[in-house]
Amino acid sequence: MALEFEGNLIKVLNEVTGQGKNGAWVKQDFVLETEDQYPKKACFTAWGDKSADLKTFSLGDKLRVTFSVESREYNERWYTDLRAYRIDLASDAPSASAPVASSRPSSAPASKPATPAADLPSFSEDDQDLPF
Numbered sequence: 001m002a003l004e005f006e007g008n009l010i011k012v013l014n015e016v017t018g019q020g021k022n023g024a025w026v027k028q029d030f031v032l033e034t035e036d037q038y039p040k041k042a043c044f045t046a047w048g049d050k051s052a053d054l055k056t057f058s059l060g061d062k063l064r065v066t067f068s069v070e071s072r073e074y075n076e077r078w079y080t081d082l083r084a085y086r087i088d089l090a091s092d093a094p095s096a097s098a099p100v101a102s103s104r105p106s107s108a109p110a111s112k113p114a115t116p117a118a119d120l121p122s123f124s125e126d127d128q129d130l131p132f
């Protein structure tokens, strides 16, 4: 499942490196903040070459991050990562590739179309055959 998040880059944390059974690895966390009425902050993790891509952006840039959510258990506690696999400068126009899902709630709730009164069933006092 692919999710998108759009916001301003407000913090880039230190790069973390390590050695695993498959070789060396590198990751870097960064924080985006939305421009909504009630701004939300989210911390994402860029792994491998994506952490190098992160260096091309500066604080205050408006970014669009495509990410996946991954959780794991350790000692009966759950840890969740927002793993960024695509980081782009956000544009005002939607991109050519349509996202599968969006983490941003729409500003207006979806509403059902109004049903005309002529389509509604009519009830008379003779139709009162309720079981209670």
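Following full-length UniProt numbering, the numbering of the sequence shown begins with 1 at its first residue and continues without gaps. Virtual Cβ for every residue (Gly too), placed ideally from N, Cα, C.
- For the pair GLY23 and GLU73, the Cα-to-Cα distance works out to about 23 Å.
- Looking at the DSSP output, GLU6 bridges to ARG64.
- Note that the C-beta distance between ARG86 and VAL69 is not below 9 Å.
- The Cβ atoms of LYS55 and ASN8 do not sit closer than 9 Å to each other.
- For LYS50, the secondary structure class from DSSP, reduced to helix, strand or coil, is helix.
- When C-alpha distances from GLU35 are compared across ARG64, SER71, GLY20, THR80, the shortest belongs to ARG64.
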